[in-house]
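Numbering (the working numbering), first residue to last: 818 to 1132.
By construction, the Cβ of each residue, glycine as well, lies at the ideal position given by its N, Cα and C atoms.
These notes concern the structure reproduced below.
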């Protein structure tokens, strides 16, 4: 099956590519269809990381990825690499307690956070204090409004990104206003990246999850289980050879990949694959239910008389 992701470059003042924003597409038509935000981001993650490959899409640059309130609270960004992504918080996300707590954890772990389509509101101050980049939409706000918003941000050590810049005049205006990063049709339209998805068995995924959460799981057993599923094998090798890992040479054998990754990284890979693939085309409640059940098991582990690792129980 063909899969798609669009990328739009983000430039610095010298018109060098700083990063790409990754956008949902469901075909070769270069426009965003109306779709649930959770499904859109999960599809972007699955296609860019596990199917097409971040190395192909971003070429070593950082990737801005949109995250909804639900995905932030579920801490999906923490499944990813802080070296390769920018957590872009959508404009409709409110600065509520759960969101702030999740974003604080991401900031403490070194993730870059960007606020999308920014319009100053005092209630956003907790998120502003955690952000590194503020994006202003030049089609949404007038230059006068943007200047007023920027004044509210003085002294906060933030980088300003001008979005939907469509003319040379707007680029020059943004430069004069202190913007460092730029995105829009004046520079480049989104480019469609296409790849192939090799289907994998959801039953096999769950069997692998059960195996890797055993205290002393068997690498040989995992090798057999994964090697039988072409889809999981492909995604695992795509993942291990992605920019997420600094390796001296390419890994082409499943057993070698498993040993190199170890238990913790294997759990992260399987969690990412399962949560994105099971959620594609399905409501957010599926992800929420998974996380609630995981948290319930984690809390049970803490109360148990047995010596169980809470983090492993969550996954």
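* To do: Measure from the C-beta of residue 876 to each C-beta in chain B and report whether the shortest distance is under 8 Å.
  => The chain labelled as chain B is not found in the depicted structure, where only one protein chain is given.
* Contact between the segment 925-944 and the segment 886-893 (3+ Cβ pairs under 8 Å) -> Because the criterion of three Cβ pairs below 8 Å is not met, the segment 925-944 and the segment 886-893 do not touch.
* Asked: Pick from 951, 827, 947, 886: whose alpha carbon is nearest that of residue 936?
  -> Among 951, 827, 947, 886, the Cα nearest to that of residue 936 belongs to 951.
* **Which of helix, strand or coil DSSP assigns to residue 894** => Helix.
* Is residue 954 helix, strand or coil by DSSP? -> Strand, per DSSP.
* My understanding is that residue 931 touches residue 953, with C-beta atoms under 8 Å, so please give their C-beta distance in whole angstroms. => About 11 Å; that fails the 8 Å criterion.
* CA-CA distance, residue 1026 and residue 960? -> So the two alpha carbons sit approximately 51 Å from each other.
* Asked: Any contact of the segment 827-843 with the segment 856-865, i.e. 3+ C-beta pairs under 8 Å?
  -> A contact exists between the segment 827-843 and the segment 856-865.
* Asked: Roughly how many angstroms lie between the CA atoms of residue 908 and residue 1040, to the nearest whole one?
  -> If I take the Cα positions, the gap works out to 43 Å.
* Asked: Got a sec, what are the start and stop residues for the beta strand (DSSP E) residue 974 sits in?
  -> Per DSSP, residue 974 belongs to no beta strand (DSSP E) and is neither H nor E.
* **Distance between residue 876 and residue 827 (C-alpha atoms, nearest Å)** => A direct Cα-to-Cα measurement between residue 827 and residue 876 gives close to 13 Å.
* Taking just the CA atoms, how far does residue 962 sit from residue 976? -> If you take the alpha carbons of residue 976 and residue 962, they lie about 18 Å apart.
* Asked: Between residue 1003 and residue 984, is the Cβ-Cβ spacing less than 8 Å?
  -> Yes; because the gap between Cβ atoms is below 8 Å, this pair is in contact.
* Grouping DSSP H, G and I as helix and E and B as strand, with all else coil, what is residue 825? -> Residue 825: strand per DSSP, three-state reduction.
* Beta-carbon contacts of residue 1109 that lie in its chain and below 8 Å, excluding the five residues immediately before and after -> With a pLDDT of only 47 at residue 1109, under 50, the local geometry of the prediction cannot be trusted, and the value read off the model is given with reservation. By the criterion of a C-beta distance shorter than 8 Å, residue 1109 is surrounded by no residue of its chain, once the five residues flanking it on both sides are discounted.
* Asked: Of all the options 1073, 1052, 1036, 911, which has the alpha carbon lying nearest to the alpha carbon of residue 886?
  -> Residue 911 is the option with its Cα nearest to residue 886.
* Under the rule that 16 or more other beta-carbon atoms within 10 Å means buried, what is residue 1033, buried or exposed? -> Exposed.
* To do: Round the Cβ separation of residue 882 and residue 905 to the nearest angstrom and send it over; I've been treating them as touching at under 8 Å.
  => Rounded, the Cβ-Cβ distance is 6 Å, consistent with contact.
* **Proximity winner among 1054, 896, 872, relative to residue 1081 (alpha-carbon distances)** => Comparing Cα positions, the closest option is 896.
* To do: Output the boundary residues of the alpha helix (DSSP H) element that contains residue 964.
  => Going by DSSP, residue 964 is part of the alpha helix (DSSP H) stretching over 960-969.
* Roughly how many angstroms separate the alpha carbons of residue 945 and residue 1065, rounded to a whole number? -> Each residue's CA atom was taken as its position, placing residue 945 and residue 1065 some 39 Å apart.
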